[in-house]
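Residue numbers (the numbering used here): 1 to 281.
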């Protein structure tokens with residue numbers, strides 16, 4: 001009851017991944033995912049996510065792209081048929097050569113001074129690789145947000161958590177250095193067969209969907225710590241009083257305060273660092 005009331009008023013105020021105790025949780029659809037939920041799910045899938053990206057590295061989705069360059073005829077290694085039409089439109093690239101000329105025009109022999117050389121190279125800038133890069137960049141930003149949030153808390157630093165965050169950040173940065181992720185920015189998400197079926201890609205896509213979800217308290221896969229019961233009860237008392245007063249009164253202002261209490265004569269409530277001035281509607 002207390003847990004439901006707290007979550008109804010302030011979503012996931014009861015979750016705390018720094019506690020040693022935990023409850024078992026499962027995934028659920030949500031439009032209001034907390035940073036704690038995100039990090040809890042990420043911890044569970046992070047190793048598998050890294051392994052999936054490493055599998056993609058072995059056989060990334062790509063295509064061969066042809067590139068034509070104009071080079072001196074003596075340096076061309078392979079001559080393609082495209083040079084016939086190219087030289088027909090550019091006679092200034094032909095030099096008279098009565099002895100060794102390979103092109104005969106009007107009874108005269110010519111040798112090309114420059115030719116097109118076609119080179120093929122592997123092109124990785126595909127939508128699927130852009131998606132993988134985008135997912136990793138988002139994860140890196142979320143990890144940075146977690147570190148910033150912890151730095152703002154007036155609590156003793158947890159060395160194990162800090163070490164874990166630093167390790168995860170370094171792993172993400174290492175993955176982003178792979179050649180197949182040297183691609184442009186993702187402009188829109190297109191769910192292709194490669195994302196749904198190709199090895200590595202389908203796992204990254206599945207973990208991405210998991211990271212969008214929230215957590216519900218149940219007997220399932222994810223371990224998520226809870227606030228101390230006394231602290232949770234403190235929240236519940238304040239929220240209940242606030243909820244009851246809000247039915248007949250309206251909030252005027254809030255100022256900093258370090259006390260916790262209720263004054264019915266002047267109609268204000270203070271909790272943690274907030275003091276609420278309320279007047280009759």
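C-beta atoms are modelled at their ideal positions from N, C-alpha and C, and glycine is treated no differently. These figures come from a predicted structure and were not determined experimentally.
Specify, as a first and last residue, the run of the beta strand (DSSP E) that residue 120 falls within.
Looking at the DSSP string, the run of the beta strand (DSSP E) that includes residue 120 is 114 to 123.
If you draw a straight line from the alpha carbon of residue 205 to that of residue 61, how long is it in whole angstroms?
14 Å
Alpha carbon to alpha carbon, how far is residue 64 from residue 184?
Rounded to whole angstroms, the gap between the alpha carbons of residue 64 and residue 184 is 17 Å.
Residue span of the beta strand (DSSP E) that contains residue 103, given as start and end:
103 to 105
Boundaries of the beta strand (DSSP E) in which residue 96 is found, first to last residue
94 to 96
Does the distance from the CB of residue 103 to the CB of residue 112 come in under 8 Å?
For the 8 Å CB-CB criterion, residue 103 and residue 112 form a contact.
Extract the residue ranges of the alpha helix (DSSP H) inside the region 42 to 78, only unbroken runs of 4 or more that lie entirely within it.
none
Give every residue of the same chain whose Cβ lies closer than 6 Å to the Cβ of residue 207, excluding the five residues on either side of it in the sequence, and list them in chain order.
Within its own chain, the residues whose Cβ lies closer than 6 Å to the Cβ of residue 207, once the five positions on either side in sequence are excluded, are 45, 49, listed in chain order.
Considering only their Cβ atoms, is the gap separating residue 167 from residue 290 smaller than 8 Å?
Nothing in the structure corresponds to residue 290, since the chain is present only between 1 and 281.
Near residue 83, what residues of its chain come up, given a Cβ to Cβ distance below 7 Å and the 5 sequence neighbours on each side ignored?
The residues are 115, 116.
Applying the criterion that 16 or more other CB atoms from any shown protein chain within 10 Å of the CB defines a buried residue, is residue 200 buried or exposed?
buried
Rounded straight-line distance, which links the Cα of residue 122 to that of residue 131
18 Å
Report the rounded CA-to-CA distance for residue 79 versus residue 119, giving the unit in angstroms.
11 Å
Span separating the alpha-carbon of residue 285 from that of residue 158
Residue 285 falls outside the range modelled here, since the chain spans only 1 to 281, and no answer is possible.
For residue 109, list the residues DSSP reports as bridge partners.
104
Could you tell me the distance, in whole angstroms, from the CA atom of residue 194 to the CA atom of residue 240?
51 Å
Do residue 52 and residue 203 have their beta-carbon atoms positioned less than 8 Å apart in this structure?
yes
Got a sec, what are the start and stop residues for the alpha helix (DSSP H) residue 167 sits in?
159 to 175
Measuring alpha carbon to alpha carbon, tell me which of 126, 40, 39, 86 ends up nearest residue 68.
86
Please return the same chain residues whose Cβ sits closer than 7 Å to the Cβ of residue 169, not counting the five positions on each side in sequence.
140, 143
Backbone secondary structure at residue 133 - three-state DSSP
Three-state result, residue 133: helix.
Indicate whether residue 149 and residue 35 have their beta-carbon atoms separated by less than 8 Å.
Taking the C-beta atoms as reference points, residue 35 is found nearer than 8 Å to residue 149.
How would you label residue 172, buried or exposed, when you count the other beta carbons within 10 angstroms and need 16 or more for buried?
buried
Count the other CB atoms, across all protein chains shown, that sit within 10 Å of the CB of residue 146; report buried if there are 16 or more and exposed otherwise.
buried
Limits of the unbroken alpha helix (DSSP H) element including residue 203:
201 to 211
If you drop the 5 nearest sequence neighbours on each side, which residues of the same chain put their C-beta closer than 6 Å to that of residue 55?
199, 200
Test item: CB-CB of residue 108 and residue 96 under 8 Å:
yes
Host alpha helix (DSSP H) of residue 194 (start-end):
193 to 197
Measure the CB-CB distance between residue 282 and residue 186 and report whether it falls below 8 Å.
Because residue 282 is not part of the residues shown, which for the chain are 1 to 281, the question remains open.
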